[in-house]
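**Q** To convert a position in the sequence shown, counted from 1, into this note's numbering, add 165. Yeah, the Cβ is synthetic: ideal placement off N, Cα and C, and Gly gets one too. Please read through the structure below; I'll follow up with questions.
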Amino acid sequence: MNFTKSIFYFLSLVILFSCSNKDEKIDFTFLQLNDVYEIAPIQGGEYGGLARVETIHKELIAENKNTMLFMAGDFLNPSLLGTIKVDGERVRGKQMIEVMNAMNFDLVAFGNHEFDVSQKDLQKRLNESNFPWISANVKLKTKEAAVPFYKERNGHKEHVGETFIKELIDADGIKIKIGFISVCIPSNPKDYVEYGNMFVKARASYASLKDSVDVVFGLTHVSLEDDKRIAEIIPDLPLIMGGHEHTNSNDLVGNVQISKADANAKTVYIHKISFDKKTKKTIVKSELKEINSAITPDEKVAKIVDKWQSILNLKINEIIKNPNEVIFNAKTPLDGRDTPIRSVQTNLGKIITRAMSFGYNDKLDCALVNGGSIRIDDQLSGNLTAVDIFRVLPYGGDVLKVEIKGTLLKRVLDYGVKAAGTGAYLQRYNAEIVDGKWLINNKVLNENKVYKVAFSDYLLKGFDIPFLSDKNDDVISIYKPLKSEISFDIRKSVISYLKTLQ
C-alpha cells in the first residue's frame, strides 16, 4: 500500500513538474503589404502582381495556419484601372476590392489615398469588401457629428473599429489574443473626412486595448518620422507595420520595429513572430521578400487580375497599339511621387514636359504641366511600357500649343512656384528661374514678347491657375491638335519621345 502511494506521489510530481515546464510559446506570421495601386505586375511584368503575392500567402498558411495578411493603407487610388469607365461608371478601386476579397485579407488600414475617391465611391468599396478595416483617427463627417466609417449590407451598418482583436490558437492548444491599432496621416483633407490627432488617438486606442489582449501591434499609414514618434509614445509595441513612403525600410526605435515594404507589391514583408505567454516576450524575425517573375501566380487570383487587365487593354488599344511593348529602360528611377512632383522639378516631370515640346517638333519656347496631373505616386525604374505611361498620366488629354503674352507667362510661372505642395505646382521644360529672373530657353523672359508654350489642356481650363484660360486677353491663340497627331494625347507624346531615347 505504501509502495503504491509512493508511486502515485512520484507520478504526480512528474506530471506537475512537466506541466509547470510546458512550453507556452505560440508562433504566428504576418504578411505585410502597403501602398498597392496595381493588381497586375509592373515594369514589363518583372515585379509585383497580387496573384504572385497570393502564392506566397498560401505557402505561409501551409507552413503555419496562424498567418495573417495585412494592407497598411493606400490601395483604392491612384490606379490606371480606377480611372476607366465600366458600364458607365468609373472603377475607382472596385478592381482592388475584388482581388483583395479573393486573397482573404485579414485587416486593412485607411491610407490618405482612400480619400481621393468620393464619399459615394468609398462607401461602395467599403460595402463590397469582405475584410475588416481599422482606424482610430479618421471619421465620417455628417451634419450632426463625426461618426465611424461603416459597411452597409441589407440595411445593417457595421462600423469600422478604432482597434481590432484576433484570437489565435496553435496545435498545442496555446491561445492568445493579439490587438491592433491604426492611424492615418491627415494629408488629404476632404469635406467628408475628419482627422483626429494621430498621436493622441494612437495612445488612447492602445490604452483601451492593452488589458484585453496579450500583445498589441501597429498597422499605420503615416510618415516614417510619425511612426518613430508613435514608437516613442508606445514603447511596448513589438512591431509597427507601416505604409506611405513607397520605399522599403526597417527601423528600430527602442524595442519597436517599424517596417515598410515597397509600393505596388514590388516587395512584401514577412514577419515570423513568437510570443511567450509566460514571459510576455515577443520575438519578431522579418524578411523583405521581392515579388518577381520567378514566383508562379495563384490561379484563382490571376483569373480576376486577367479579367480586369483585358478590360484595361481594350481601353488602351483605343489610343495606342502594343501597350505592353517595352519603350524605355529607366536606369535611374523616374520620380513621380506625390510630394516631390508637387514641390520640385523631378526627372519624370522634365521628361513629360520635354515630350510635350517634342510633340510639336520643338518649335516652341517652353512647356508646362501641372504636377497634379501626374498621378502615379511612385518611382518608375527598369523596363517601362506604354501602360506605365498611362499609369503616370491616367487622364490623358491634349497638349495645346498656345501663343501667350510674356506678362501672362510670368504670372503663370510665378504662380506655379508659389503653389509648391499642391497640384498647381508646374513641372517645366525650357523655363527656369535664375537669380530671381525667369529664363525661357536660356533667355531672360521678355514681358512684351509673345511666346509659344505647350500646355496640358487641363491647365487652360482655369482650375489650378484661375487666371489662365482661353478667356484671358493675354492668350493670343490656342492650337488644338488633330486626332492623327501625337499631341492629341499627352501620353502618346511621352511614349513617342521615350522611344527616341532607346
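(1) Taking just the CA atoms, how far does Glu-327 sit from Ser-347?
(2) What's the C-alpha gap between Asn-186 and Asn-420?
(3) Secondary structure at Ser-546, three-state DSSP: helix, strand or coil?
(4) Run the CB neighbour count on Asn-302, radius 10 Å, all protein chains shown included, and call it buried at 16 or more, exposed below.
(5) Within a Cβ cutoff of 7 Å, which residues of the same chain sit near Gln-510, ignoring the five residues on either side of it in sequence?
(6) Run the CB neighbour count on Val-609, radius 10 Å, all protein chains shown included, and call it buried at 16 or more, exposed below.
(7) Can you tell me where the beta strand (DSSP E) with Gly-344 in it begins and where it stops?
(8) Would you decide whether Lys-626 is buried or exposed? Buried here means 16 or more other CB atoms lie within 10 Å of its CB.
(9) Based on Cα-Cα distance, which residue from Gly-253, Ser-388, Phe-653 and Asp-635 lies nearest to Val-567?
(10) Using the Cβ count rule (16 or more neighbours within 10 Å means buried), how would you classify Arg-502?
(11) Taking the alpha carbon of Glu-359 as the reference point, which residue from Val-557, Asn-482, Phe-275 and Asp-401 has its own alpha carbon closest?
(12) Quick one: residues in its chain with C-beta nearer than 8 Å to the C-beta of Ser-300, no 5 flanking neighbours on either side, listed in chain order?
(13) Where are the beta strand (DSSP E) runs, 3 residues long or more, that stay fully inside the stretch 229-310, in chain order?
(14) Tell me which residues share the same chain as Ala-428 and place their Cβ nearer than 6 Å to its Cβ, disregarding the 5 neighbours each side in the sequence.
(15) Using DSSP with H/G/I as helix, E/B as strand and the rest coil, what is Asn-186?
(16) Might you give, ordered along the chain, the residues of its own chain that have their beta carbon closer than 7 Å to the beta carbon of Asn-229, omitting 5 neighbours on each side?
(17) Look at Val-470 and Ala-216 and say whether their C-beta atoms are less than 7 Å apart.
(18) Asn-231 and Asp-281 - do their beta-carbons sit closer together than 7 Å?
(19) Alpha carbons only, please: which of Lys-617, Val-534 and Asn-548 is nearest the one belonging to Ile-630?
(20) Any idea which residues DSSP pairs Ile-554 with across the strands?
(21) DSSP state of Ile-448, grouped into three classes?
(22) What runs of the alpha helix (DSSP H), each 4 residues or longer, lie entirely inside the stretch 504-548?
(23) Based on the DSSP output, what are the partners of Ser-414 in its beta bridges?
(24) List the whole-angstrom C-beta distance separating Leu-549 from Ile-506, where the pair is believed to meet the contact cut-off of C-beta under 8 Å.
(25) Comparing alpha-carbon positions, which option in Thr-504, Ala-596 and Val-449 lies nearest Ile-438?
(26) Classify Leu-225 as helix, strand or coil using the three-state DSSP reduction.
(27) Pick out whichever of Ile-423, Glu-189 and Lys-316 has its Cα sitting closest to the Cα of His-409.
(28) Can you look up Phe-144 in the DSSP assignment and give me helix, strand or coil?
(29) Between Val-251, Ser-621, Ala-396 and Ala-267, which has its C-alpha nearest Ile-204's C-alpha?
(30) Which residues mark the beginning and the end of the alpha helix (DSSP H) in which Ala-205 is found?
**A** In brief:
(1) As a first step, residue 347 is located in the sequence shown; it is residue number 182 there, counting from the start. As a first step, residue 327 is located in the sequence shown; it is residue number 162 there, counting from the start. Answer to the nearest angstrom: the Cα atoms are 7 Å apart.
(2) By 1-based counting over the sequence shown, the position of residue 186 is 21. By 1-based counting over the sequence shown, the position of residue 420 is 255. With a pLDDT of 47 at Asn-186, under the threshold of 50, the modelled position of that residue is not reliable, and the figure given next carries that caveat. Distance between the alpha carbons of Asn-186 and Asn-420 is about 27 Å.
(3) Locating residue 546 in the sequence shown gives position 381, where the first residue counts as 1. Here Ser-546 sits in strand by DSSP.
(4) Taking the sequence shown and counting its residues from 1, the one referred to as residue 302 is at position 137. Asn-302 is buried by the Cβ-count criterion.
(5) The sequence position of residue 510 within the sequence shown is 345, counting from 1. Here the set comprises Gln-592 and Arg-593.
(6) Position 444 of the sequence shown, counted from the first residue, corresponds to residue 609. Classification of Val-609: exposed, given that the 10 Å Cβ count is below 16.
(7) Counting from one through the sequence shown, the residue named residue 344 turns up at place 179. From DSSP, the beta strand (DSSP E) with Gly-344 extends over 340-346.
(8) Here residue 626 refers to the residue found at position 461 of the sequence shown. Lys-626 comes out exposed.
(9) Taking the sequence shown and counting its residues from 1, one reaches residue 567 at position 402. Here the closest residue by C-alpha is Asp-635.
(10) Position 337 of the sequence shown, counting from 1, holds the residue named residue 502. Buried.
(11) The count along the sequence shown starts at 1 and reaches residue 359 at position 194. With distances taken between Cα atoms, Glu-359 lies closest to Phe-275.
(12) Position 135 of the sequence shown, counted from the start, is the residue given in the question as residue 300. These residues qualify, in order along the chain: Ala-274, Phe-275, Phe-314, Val-325, Glu-327, Ser-347, Val-348 and Cys-349.
(13) Within the stretch 229-310, the complete beta strand (DSSP E) runs of at least 3 residues are 232-236, 272-274 and 303-306.
(14) Your numbering for residue 428 matches position 263 in the sequence shown. Cβ neighbours of Ala-428 beyond the five flanking positions: Asp-200, His-411 and Asp-543.
(15) Taking the sequence shown and counting its residues from 1, one reaches residue 186 at position 21. No answer about Asn-186 holds up, because its pLDDT of 47 lies below 50 and its placement is not dependable.
(16) In the sequence shown, counting from the first residue as 1, residue 229 sits at position 64. Same-chain partners within the cutoff: Asp-192, Phe-193 and Thr-194.
(17) In the sequence shown, residue 470 corresponds to position 305, counting from 1. In the sequence shown, residue 216 corresponds to position 51, counting from 1. Yes, Cβ-Cβ distance for Val-470 and Ala-216 is below 7 Å.
(18) Here the question's residue 281 lines up with position 116 in the sequence shown. Here the question's residue 231 lines up with position 66 in the sequence shown. Not in contact: Asp-281 and Asn-231 (Cβ atoms no closer than 7 Å).
(19) Your numbering for residue 630 matches position 465 in the sequence shown. Nearest option by C-alpha distance: Val-534.
(20) On the sequence shown, position 389 is the one that residue 554 refers to. DSSP, once it has assigned bridges, lists no residue as partnering Ile-554.
(21) As a first step, residue 448 is located in the sequence shown; it is residue number 283 there, counting from the start. Of the three classes helix, strand and coil, the one that applies to Ile-448 here is strand, per DSSP.
(22) 512-523
(23) Here residue 414 refers to the residue found at position 249 when the sequence shown is read from its first residue. Answer is Lys-425, bridged to Ser-414.
(24) Taking the sequence shown and counting its residues from 1, the one referred to as residue 549 is at position 384. Taking the sequence shown and counting its residues from 1, the one referred to as residue 506 is at position 341. Not really, about 17 Å apart at Cβ, beyond 8 Å.
(25) Position 273 of the sequence shown holds residue 438. The shortest Cα separation from Ile-438 among Thr-504, Ala-596 and Val-449 belongs to Val-449.
(26) Here residue 225 is taken as the residue at index 60 of the sequence shown, counted from 1. Three-state DSSP puts Leu-225 in a helix.
(27) Numbered from its first residue, the sequence shown carries residue 409 at position 244. Nearest of Ile-423, Glu-189 and Lys-316 to His-409, Cα basis: Ile-423.
(28) This structure gives no information on residue 144, because the portion of the chain shown stretches from 166 to 667.
(29) Residue mapping note: residue 204 aligns to position 39 of the sequence shown, counting from 1. For Ile-204, the nearest C-alpha among the options comes from Ala-267.
(30) Here residue 205 corresponds to residue number 40 of the sequence shown, with the count starting at 1. No alpha helix (DSSP H) holds Ala-205; DSSP gives it neither H nor E.
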